[in-house]
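Note that UniProt numbering has the sequence shown beginning at 1, numbered continuously upward.
Report on one structure; see the data block that follows.
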Amino acid sequence: MSSPLKSVFKKEHSDEISNHSVNPVFSEVVSAFMSRRRFLQMGMVAGAAVSFPYLVKPENAFAAKANPSALSKAVSLGFTSIPVSTADTVTVPEGYIARPFYRWGDAVGIKGNLPEFKFDASNTTDEQAAQAGMHHDGMAWFSLPQGKENPAHGLLALNHEYIDNGMLFKDGTANWDLDKARKGQNAMGISVIEVKKDNVGWQVVRPSSFARRITVNTPMQLSGPARHQALMKTAADPQGEVVLGTMQNCANGKTPWGTYLTCEENWSDIFVKKAPRNVLEKRYGISDSDESYRWNEVDERFSVDKTPNEPNRFGWVVEIDPYDPTSTPRKHTALGRFKHEGAAVTLAGDNRVVVYMGDDQKFEYIYKFISENKYDPGDRKANMQLLESGTLYVARFNDDGSGDWLPLIFGENGLDQSKGFDNQGDLLIKTRLAADTVGATKMDRPEWIAVDTHAKGSVYCTLTNNSDRGKEGKAPVDAANPRANNQFGHIMHWREERADPASAKFTWNILVLAGRTDSDDPKAKGSMQGAEFGSPDGLSFDHRGVLWIQTDVSSSTINKKAYEGMGNNQMIATLPGTNEYRRFLTGPRGCEITGIAFTPDNRTLFINIQHPGEGGDDITDPSNPRAISNWPDSRSDGRPRSSTVVITKSNGGIIGT
Ligand code: FEO
Ligand code: CA
Ligand code: CA
């Protein structure tokens with residue numbers, strides 16, 4: 001049993017590896033490239049001067065192709081970079097205003113059900129279902145009315161990634177029972193809120209006919225090839241059609257037809273199996289101990305011993321129509337099952353839908369999905385089916401700067417019964433095993449992916465860190481993951497062949513190696529000019545082609561160890577190709593910065609402050625919730641609260657100028 005103090009923290013995923021496959025990632029690489037790779041490895045080990053051949057330099061960066069866009073492409077950053085900070089507040093450059101806007105426990109806005117937050121954490125389970133959840137993460141803007149580009153009135157859909165039982169209950173996990181597990185389940189999921197700018201500023205509209213909370217118990221339909229599969233059936237759902245809830249929703253996507261994509265990331269933390277785990281359960285990191293959320297103790301859905309197929313019903317991308325609060329969310333199995341970070345959506349040259357997705361764990365992969373059918377701007381109903389059928393691919397980054405999208409299709413490339421796949425639906429439930437089989441490239445924890453709307457076919461991905469890269473018995477460095485003990489991470493760039501997102505081939509390079517600008521150690525040295533940072537996570541372009549980077553240095557490392565002096569987590573801006581990085585925002589203590597949503601006029605930016613006050617390791621002492629942070633309320637009887645923050649310029653100008 002866990003101690004009563006045991007809380008629920010996001011595990012230190014940097015310490016977890018589920019991929020023990022021996023993909024022949026480089027076995028086919030010609031020997032000419034091997035010598036260079038060896039040079040890189042040896043250079044690292046010896047600490048000698050090392051070059052990174054695929055690191056973008058300003059003079060050889062891809063030139064932006066001016067695509068039609070509502071706002072013209074930015075040519076420079078206009079704000080003054082701010083210093084690092086350890087203050088317990090949100091800091092933005094002079095001329096900008098940042099205001100906490102939608103905090104954990106604030107009423108979501110459901111008519112007749114507007115419970116107030118109780119600062120002693122005594123809100124009931126039912127009240128929590130009508131309030132903002134904890135740990136805000138990915139987020140998207142949807143203008144009102146649907147189909148219009150309104151900069152002053154819209155909806156925000158946002159994820160509540162995980163929970164902290166030390167903050168959620170005044171007695172932590174003492175007196176543990178099903179009601180406490182249910183309150184936690186109601187503090188996860190998604191919020192849809194209506195927001196409006198009036199003479200005073202931005203307000204959450206309460207009540208609102210759009211206001212909605214989706215939780216771990218909200219019914220959702222399964223779509224695509226894995227629907228009705230044997231591995232998807234449970235006693236409660238013998239047809240394999242309807243799942244209760246979504247959880248551990250990390251980053252997100254937004255479709256051109258105005259729906260929200262929410263991505264199930266660390267869902268395996270919830271499940272516990274005491275009996276020996278099978279290959280599939282191990283490959284997805286199902287726990288064999290009860291040291292995690294403890295839902296399995298009181299809700300047998302989360303005990304794999306009792307409900308063996310329930311984990312297979314998580315690890316998907318979920319589509320939600322924010323404009324219809326009565327709509328049933330759908331889990332799209334065609335997009336594959338893994339620890340989904342986000343889902344970056346774009347259109348191919350022929351209007352098929354392309355979705356880029358990272359699997360965030362050490363040595364996992366980058367994927368893309370291409371829909372079978374084409375987007376029709378005039379037929380929203382038909383567009384709603386687009387993510388139900390298509391082809392999933394996984395990326396191989398070759399050592400010579402080229403890349404291939406390898407299809408994961410049953411019956412092709414050895415993906416058949418001899419490798420343990422029964423059909424396409426079965427394969428998708430086992431996506432990671434299929435990707436192992438075709439020889440995808442093991443990456444340094446793929447996080448967010450951003451598509452450059454001002455340079456068609458140009459895509460970026462944060463690889464947050466991987467301290468096991470190059471360790472004995474682990475995958476060695478390679479050209480795309482070039483630093484052993486990669487504590488600071490990097491940002492990858494690729495360009496699809498013919499600038500078409502549907503291409504099977506691409507070329508790639510590295511936009512930036514994160515780290516310290518003043519370091520002599522090539523493993524720690526950042527390649528940027530200007531503001532240094534590490535552990536990039538959130539990544540998004542605004543409407544002017546500015547690339548925004550948000551950091552998630554783990555709570556046990558913030559401003560300590562290799563990160564000493566680097567301050568709290570932060571948000572950085574750059575224009576790809578310039579190599580200039582400016583610090584735009586620093587967060588309060590113990591938080592991660594995440595969630596990026598711009599209004600269509602680029603004059604309002606919403607971001608999320610996640611888990612202020614998180615102290616590292618895995619315990620928050622419920623008797624001392626303010627030990628690290630008291631943001632945003634600064635009350636002597638309060639507790640830190642994750643919050644959406646609204647950022648504007650005091651002169652009403654464009655963000656980034
Ligand atoms: Fe939820 Fe990979 O961050
Ligand atoms: Ca993240
Ligand atoms: Ca992260």
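Think of the CB as a built atom: it goes at the ideal place given N, C-alpha and C, for glycine as much as any other residue.
Asked                                                                                                                : Found
Helix, strand or coil at residue 282 according to DSSP, with G and I counted as helix                                : helix
Euclidean distance between Cα positions of residue 294 and residue 522                                               : 42 Å
Close Cβ partners of residue 17 (< 8 Å) along its chain, the five nearest in sequence each way excluded              : 361, 362, 363, 468 and 474
Per DSSP, the bridge partner or partners of residue 170                                                              : Per DSSP, none; premise fails for residue 170.
Residue 464: CB within 8 Å of a non-hydrogen atom of ligand 3                                                        : yes
Pick from 569, 561, 288 and 134 that is closest to residue 248, judged by C-alpha positions                          : 134
Three-state class that DSSP yields for residue 297 in the structure shown                                            : helix
Contact check, residue 182 vs residue 130, beta carbons under 9 Å                                                    : no
Alpha-carbon to alpha-carbon, residue 419 and residue 86                                                             : 51 Å
Near ligand 1: residue 633 beta-carbon under 8 Å from a heavy atom                                                   : no
Rounded C-alpha distance that separates residue 62 from residue 102                                                  : Reliability fails at residue 62, whose pLDDT of 39 lies under 50, so the model's placement of it is uncertain and the value that follows must be treated cautiously. Residue 62 and residue 102: Cα-Cα distance of roughly 39 Å.
Selected residue, minimal CA-CA separation from residue 303, among 315, 318, 327 and 277                             : 277
Euclidean distance between Cα positions of residue 157 and residue 194                                               : 9 Å
Below 7 Å from a heavy atom of ligand 2 - residues by beta-carbon                                                    : 137, 250, 251, 341, 360, 447, 448, 537, 538, 552 and 594
Check whether residue 530 and residue 119 have beta carbons under 9 Å apart                                          : no
Assigned exposure category for residue 643 - 16 Cβ within 10 Å defines buried                                        : buried
Residue 470, DSSP secondary structure in three states                                                                : coil
Extent of the continuous alpha helix (DSSP H) run through residue 382                                                : 380–383
At least 3 beta-carbon pairs within less than 8 Å: the stretch 541–548 vs the stretch 440–452                        : yes
Other residues of its chain near residue 553: CB distance less than 7 Å, five sequence neighbours each side excluded : 534, 535, 563 and 569
C-alpha distance - residue 365 paired with residue 417, whole-angstrom precision                                     : 23 Å
Whether residue 321 touches residue 375 by CB criterion (9 Å)                                                        : no
In DSSP terms, what residue 97 is bridged to                                                                         : 648
Cβ shell of residue 170 (< 7 Å), same chain only, five flanking positions each side left out                         : 120, 121, 122 and 622
Within 9 Å, strictly: CB atoms of residue 538 and residue 447                                                        : yes
Residue 512 - DSSP class collapsed to helix/strand/coil                                                              : strand
Residue 300 beta carbon near ligand 3 (any heavy atom closer than 8 Å)                                               : no
Contact test: residue 241 Cβ vs ligand 3 heavy atom, cutoff 8 Å                                                      : no
Three-state secondary structure assigned by DSSP to residue 176                                                      : coil
Segment contact, 8 Å Cβ cut-off, at least three pairs: the stretch 219–235 with the stretch 381–396                  : yes
Start-to-end residues for the alpha helix (DSSP H) that takes in residue 438                                         : 431–438
Inter-residue CB distance, residue 71 and residue 602 (contact presumed, cutoff 8 Å)                                 : 6 Å
Coil, strand or helix - residue 63 by DSSP                                                                           : Residue placement at residue 63 cannot be trusted, given a pLDDT of 38 that sits under 50; what the coordinates show is reported in the next sentence. It is coil, neither helix nor strand.
Residue 267 (DSSP reduced to helix, strand or coil)                                                                  : helix
Whether residue 284 touches residue 311 by CB criterion (9 Å)                                                        : yes
Residue 592 beta carbon near ligand 3 (any heavy atom closer than 8 Å)                                               : yes
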